[in-house]
Structure formats: C-alpha cells, structure tokens
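The structure under discussion appears below in the form of structure tokens.
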Amino acid sequence: MPEKNLNKLQTNDGMLKLRRALKLPQNAPFKIALRKFKSAANAFTELQNREGTHKLSFRITRARKIINNKNKPQHCRKLHTISRISLHSAINEHLFHQLKRKVRKMTSKKKICILQFENISLTTHLRKSVRHKNIYHQALVFTVRGVKTDYIQPISYIFCSSTTPVIDLSTQIKLIISKLQAIGLTVIATVCNCSNLNVCTIDWLIRDTMKQYLRQGKVLEKKIFKVNGEEIIPLYNPRHLMKVLRNNLMDHNLRYELEGEVRVGKWEHIVALYNQEAGSQYKLLPLLTEKHVYPNRVSRSSVDSAIEVVNCEVGAVMGFIMNIQEIPSDFEDTVRLFFFFGTLFDSLDMTYIKFNTRSRKPRIGLISPKSTRKEIWAESKNILKTMEFCSNGESRVLSISSWLQTVENMEYLVELLLTEYKVSVERWKKFNPFVIQPKVLKKFSKRYIHILGLITSLINKGAL
Numbered sequence: 008m009p010e011k012n013l014n015k016l017q018t019n020d021g022m023l024k025l026r027r028a029l030k031l032p033q034n035a036p037f038k039i040a041l042r043k044f045k046s047a048a049n050a051f052t053e054l055q056n057r058e059g060t061h062k063l064s065f066r067i068t069r070a071r072k073i074i075n076n077k078n079k080p081q082h083c084r085k086l087h088t089i090s091r092i093s094l095h096s097a098i099n100e101h102l103f104h105q106l107k108r109k110v111r112k113m114t115s116k117k118k119i120c121i122l123q124f125e126n127i128s129l130t131t132h133l134r135k136s137v138r139h140k141n142i143y144h145q146a147l148v149f150t151v152r153g154v155k156t157d158y159i160q161p162i163s164y165i166f167c168s169s170t171t172p173v174i175d176l177s178t179q180i181k182l183i184i185s186k187l188q189a190i191g192l193t194v195i196a197t198v199c200n201c202s203n204l205n206v207c208t209i210d211w212l213i214r215d216t217m218k219q220y221l222r223q224g225k226v227l228e229k230k231i232f233k234v235n236g237e238e239i240i241p242l243y244n245p246r247h248l249m250k251v252l253r254n255n256l257m258d259h260n261l262r263y264e265l266e267g268e269v270r271v272g273k274w275e276h277i278v279a280l281y282n283q284e285a286g287s288q289y290k291l292l293p294l295l296t297e298k299h300v301y302p303n304r305v306s307r308s309s310v311d312s313a314i315e316v317v318n319c320e321v322g323a324v325m326g327f328i329m330n331i332q333e334i335p336s337d338f339e340d341t342v343r344l345f346f347f348f349g350t351l352f353d354s355l356d357m358t359y360i361k362f363n364t365r366s367r368k369p370r371i372g373l374i375s376p377k378s379t380r381k382e383i384w385a386e387s388k389n390i391l392k393t394m395e396f397c398s399n400g401e402s403r404v405l406s407i408s409s410w411l412q413t414v415e416n417m418e419y420l421v422e423l424l425l426t427e428y429k430v431s432v433e434r435w436k437k438f439n440p441f442v443i444q445p446k447v448l449k450k451f452s453k454r455y456i457h458i459l460g461l462i463t464s465l466i467n468k469g470a471l
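Sequential numbering of the sequence shown, starting at 8, is according to our numbering.
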C-alpha cells in the first residue's frame with residue numbers, strides 16, 4: 008500500500024475518534040456512568056469535557072474550584088483550616104458571640120428585629136450518619152432582620168423533614184428567640200410560610216401561652232405567644248398564603264359573603280376566560296399561559312404563578328368581558344373574589360411601588376395612622392370570617408384561618424410599632440416583613456451548608 012494512502016487512513020481514523028470524543032458528553036450511557044463516579048472524579052471529568060468544548064469558559068462552580076486548586080499548598084492549608092471550623096447546625100455559640108459585640112453598639116430602636124425562618128431543599132448529595140438514621144431532605148434557615156435599620160443576618164439552621172415533631176421545632180424556635188434576647192435584640196415577630204409543620208408549630212406555641220394565661224386567671228385576646236415574658240407576633244407570608252389559596256381554589260369552590268349576598272368563586276371561570284382568549288390574536292392577558300390556568304399543568308409549588316393569576320388585573324379583565332359579552336352572572340362572584348384578594352395582598356405586601364395612573368389596582372398609601380390599609384384590613388376581616396371551601400355540598404375550612412390570623416396580627420404589629428416603639432413612618436417605604444431576601448438564603452445555603460457538606464464528603468472519600 009502506498010505511503011500516502013496509509014497516512015490518509017490514519018488521519019481519517021483520528022478524525023473519527025475526535026468526533027466520537029466530542030459527542031461523548033451527550034451520550035446517555037456515559038451520563039449514567041458519570042453519576043456513579045465519586046464527587047471529585049465527577050467534577051474533574053465534567054471539567055475536562057467543558058474545557059474541550061468551551062475553551063474560554065470560566066470555572067465558576069465551587070466543586071470545580073476545589074478540584075482545580077487542591078494541589079496548591081496554600082489552598083490545601085485553607086481547606087485543612089476550613090475542615091476544622093465548628094460549623095454545625097442548631098445554635099452556634101461563636102456566631103452569637105460575634106453578634107453580641109455588634110449589638111452592644113446599637114440603639115434601642117435598632118435592636119428591634121423580626122425572626123424569619125424559611126425552608127431550603129437539600130438535593131445536592133446524600134450522606135449517611137451512623138448515629139442518626141433519619142433522612143432529612145430540607146434545612147430550616149433562621150434569619151434576623153432589623154426593623155429600624157435594614158440588616159439581615161442568618162443565625163442558625165437545622166435539618167428537618169415533613170415528619171419532624173412539632174415539639175422539637177417549637178423548642179428550637181424558643182431557644183433561638185431566647186438566645187437573641189440574651190444578646191440584647193428585641194424580637195417582636197416571626198415570619199414563615201404556611202406549611203403544615205409551621206402552622207402546627209405556631210398553633211402549639213399559641214396554645215402553650217394560653218395555658219400560662221389560664222393558670223394566672225387571664226385570657227389571651229390576641230393570637231400571639233410569649234417567650235421569657237416578651238410578646239412574639241406570628242405572621243404567615245402572604246405570598247405562600249396566595250399559593251395555598253390558588254391550590255385549594257383549583258380543587259374546591261370558595262363560598263363567601265359580600266354586601267349581604269352569598270357568592271361562590273370558581274376556578275372554572277378562569278379556565279373559561281383563558282379558553283376564550285386562546286383563539287384571539289389580540290389578548291388582554293398575554294402573560295397568562297396554560298401553566299397558570301390548567302390544573303394538570305400548574306406548578307402547585309410556584310408562588311409567582313399564583314400571584315400572577317389571583318390579582319386585580321385578572322379580575323378587571325373578567326369584569327370588562329362581562330360588560331361587553333353575554334356571560335353568566337356567576338362570573339361576577341369570581342371577579343369580586345379576585346379583586347378582594349388582590350387588594351388584600353397589596354395591602355399586606357409592604358413593598359412601596361410608585362402609584363401608576365394606568366394601573367387597575369386601587370391606590371394604597373404607606374403605613375401611617377391615617378393609611379387606607381387599616382380600613383382594608385378591618386373590612387377584610389369580616390369577609391374572611393364568612394369564607395369556606397365547599398365541594399359537593401360539603402364545607403371545609405382549609406387556609407382561610409391563616410389569612411385571618413395574618414391580617415389581625417399585622418394590624419396589631421403596625422399599631423405596636425407606631426405607638427409603643429415609635430418607629431418612623433418613612434421607614435416603611437423600604438421595610439417589608441414578609442420579604443425574605445432570596446440572595447441571602449442562596450448565599451447562606453451555598454456557603455454555610457453546601458460547602459461544609461462538600462468538603463466533608465471529599466474528606467471522607469479520601470479526595471482531600
């Protein structure tokens with residue numbers, strides 16, 4: 008065989024291997040085999056594949072940074088130091104000791120704060136503990152947020168699951184509040200989502216305070232609880248309340264009384280509105296999609312999609328279509344229901360938005376003694392007391408009690424801050440007790456939980 012033909016065959020064979028190697032990361036069996044690798048080998052293999060396809064790509068993942076820098080002496084010393092730091096769950100005395108030094112320099116008004124706790128799902132890896140046989144799929148992160156000054160500080164986290172005992176979680180909440188009171192902070196409220204575990208825990212704390220009042224011959228008028236003699240006002244995040252309302256409304260009808268008439272809100276009216284607009288080229292609600300309307304397509308864990316549907320704008324469009332077309336009169340009940348919850352949500356959500364004259368939403372001013380929010384809350388309490396979910400003639404109260412408790416406690420919190428603590432009204436332009444900063448939780452979950460678990464797993468597997 009001539010030498011030229013031999014070189015040509017060798018070149019073609021090399022090109023074929025190169026093409027196969029470039030397609031290897033997209034191969035399904037290779038991806039399945041890659042999952043069985045150790046964490047260090049998996050990160051190293053993905054790093055090589057990424058560098059082969061994207062030569063100018065950045066190595067931004069922490070796992071890739073650890074693999075890239077683990078051979079350098081200075082980084083090995085840092086990893087060894089990090090592995091010796093006492094970053095454990097529950098109460099961390101080192102963190103509270105540093106907070107105590109900062110709190111000493113604060114004034115009494117700056118010490119007023121709110122305790123927020125939010126669930127973070129843990130899906131990065133699975134570690135087996137010899138002492139504990141439970142599997143925890145989420146972490147509960149506790150965050151302190153200032154009222155007078157805008158400081159946000161994660162202070163603790165605990166691993167939990169849906170089967171976590173209520174007594175254990177309530178004890179942990181009391182312990183953290185006691186620790187915050189010991190270092191000088193004034194905790195006046197707690198904010199959480201309305202999951203079954205959190206609702207049962209808050210109810211248990213309120214009942215425990217009721218028992219203490221009964222022993223003293225008193226009656227607890229507000230739905231609050233006490234820790235070391237200090238009143239704590241529990242609040243539920245209205246964004247999560249809106250999500251639960253949307254999920255229940257897709258399965259059951261909502262009966263309520265408004266202006267002396269019994270009305271029934273139905274989710275099928277929203278489906279009919281969307282189907283009527285689906286075939287039209289000019290839509291009044293272009294952002295409304297199938298994932299917002301159809302129950303089998305809706306993401307029941309999505310908070311944003313619930314707020315985008317149950318609001319004043321959707322109710323205004325439904326009312327406009329009713330005026331120009333012949334639509335059954337029971338659509339008006341759903342229109343009134345959406346206007347009610349849209350206005351109530353805007354009054355609870357403290358985010359200050361400049362009023363737009365084109366907006367369909369009614370104007371709601373800032374928190375002040377003469378604010379219209381108090382009138383909205385007073386009227387909404389009477390309507391919420393008449394609400395109940397009904398299905399096949401049976402009535403079931405599901406999530407309305409949490410709405411009513413949040414409105415009553417929010418009204419009491421505003422009165423307490425304006426009268427007793429003398430918090431300036433201008434502060435409410437930026438303060439929102441229900442907004443838990445996603446960036447703070449993201450940084451905390453990655454830096455304080457994920458890195459610790461990653462380094463520990465690498466050390467246990469012998470990669471470091």
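Glycine residues also receive a C-beta, built at the ideal position from the N, C-alpha and C atoms. Values in this document were obtained by computation on a predicted structure and should not be read as measured data.
Item, Value
"By how many angstroms is the C-alpha of leucine 122 removed from the C-alpha of methionine 113?", "18 Å"
"For isoleucine 383, collect the residues of the same chain with a Cβ closer than 8 Å to its Cβ; drop the 5 residues on either side in sequence, then sort them by chain order.", "Thr350, Leu351, Ser354, Ile371"
"Just the Cα atoms here: how many angstroms apart are threonine 156 and lysine 117?", "6 Å"
"Is it right to say aspartate 340 is buried, meaning 16 or more other beta carbons lie within 10 angstroms of its own, or is it exposed?", "buried"
"Less than 8 Å separating the beta-carbons of lysine 388 and leucine 411?", "yes"
"Just tell me which of Pro302, Asn205, Ile119, Phe338 has its CA closest to the CA of threonine 1.", "In the structure as shown, the chain starts at 8 and stops at 471, and residue 1 therefore has no counterpart that could be examined."
"Have a look at leucine 208 and alanine 323 and give me their C-alpha separation to the nearest angstrom.", "Looking at the sequence itself, residue 208 is threonine, so the reference to leucine does not match. Going from the Cα of threonine 208 to the Cα of alanine 323 covers about 38 Å."
"Do valine 310 and phenylalanine 345 have their C-beta atoms within less than 8 Å of each other?", "no"
"Would you give the residue range spanned by the alpha helix (DSSP H) that isoleucine 5 belongs to?", "Shown here, the chain extends from 8 to 471; a query on residue 5 therefore has no answer."
"Check this for me: beta carbons of alanine 146 and tyrosine 164, under 8 Å apart or not?", "yes"
"Enumerate in chain order the residues of its own chain whose CB-to-CB distance from phenylalanine 232 is below 6 Å, with the five nearest sequence positions on each side excluded.", "Leu212, Ile213, Thr216, Ile239"
"For threonine 52, collect the residues of the same chain with a Cβ closer than 7 Å to its Cβ; drop the 5 residues on either side in sequence, then sort them by chain order.", "Leu41, Phe44"
"Find out if the Cβ-Cβ distance for the pair alanine 313, arginine 253 is shorter than 8 Å.", "yes"
"Determine the burial state of arginine 152: buried for a count of at least 16 other Cβ atoms within 10 Å of its Cβ, exposed for fewer.", "buried"
"So, helix, strand or coil for arginine 214, using DSSP?", "helix"
"Hey, how far is the Cα of valine 414 from the Cα of serine 128?", "29 Å"
"If you scan the segment 225-292 from start to end, which runs of the alpha helix (DSSP H) of 4 or more residues do you find wholly inside it?", "245-258, 275-285"
"So the alpha helix (DSSP H) isoleucine 180 belongs to, where does it begin and stop?", "173-189"
"Under DSSP, the beta strand (DSSP E) around serine 161 begins and ends at which residues?", "Before going further, note that residue 161 is proline rather than serine in the sequence given. Counting along the chain, the beta strand (DSSP E) containing proline 161 begins and ends at 159-167."
"Terminal residues of the continuous beta strand (DSSP E) containing valine 151?", "145-153"
"If we ignore side chains and look at the alpha-carbon of each, how far apart do asparagine 34 and alanine 48 end up?", "18 Å"
"Could you check the C-alpha separation between isoleucine 39 and leucine 31 for me, to the nearest Å?", "12 Å"
"Tell me which residue opens and which closes the alpha helix (DSSP H) that phenylalanine 37 is part of.", "35-42"
"Tell me the DSSP secondary structure of glutamine 223 in three-state form.", "coil"
"Who are the near neighbours of valine 447 in its chain, counting only those whose CB is closer than 6 Å to its CB and skipping five residues on each side?", "With a pLDDT of only 45 at valine 447, under 50, the local geometry of the prediction cannot be trusted, and no value is derived from it."
"Could you give the distance in angstroms between the alpha-carbon of glycine 272 and the alpha-carbon of methionine 394?", "10 Å"
"Within 10 angstroms of the Cβ of leucine 23, are there 16 or more other Cβ atoms? Answer buried if so, exposed if not.", "exposed"
"Spatial neighbours of lysine 181 within its chain, please: CB distance less than 7 Å, with the 5 preceding and 5 following residues excluded, ordered by chain position.", "Val234"
"Got a sec? Which residues, its chain only, sit under 7 Å from asparagine 306 by beta carbon, not counting five neighbours each side?", "In the sequence under discussion, the amino acid at residue 306 is serine, which differs from the asparagine named in the question. So the list reads Lys298, Ser312, once near-sequence residues are dropped."
"Should arginine 270 and cysteine 397 be called a contact, given that it needs their Cβ atoms to be closer than 8 Å?", "no"
"Rounded to the nearest angstrom, how far is the Cβ of asparagine 244 from that of valine 316, given a contact under 8 Å?", "With 8 Å as the limit, asparagine 244 and valine 316 do not qualify as a contact, their Cβ atoms being about 18 Å apart."
"Taking all protein chains shown into account, do 16 or more other C-beta atoms lie within 10 angstroms of the C-beta of valine 148, making it buried, or fewer, making it exposed?", "buried"
"How is the alpha helix (DSSP H) around asparagine 303 delimited, first residue to last?", "That residue, asparagine 303, is in no alpha helix (DSSP H); it is neither H nor E in DSSP."
"Tell me, please, which residues DSSP counts as bridged to phenylalanine 124.", "Phe149"
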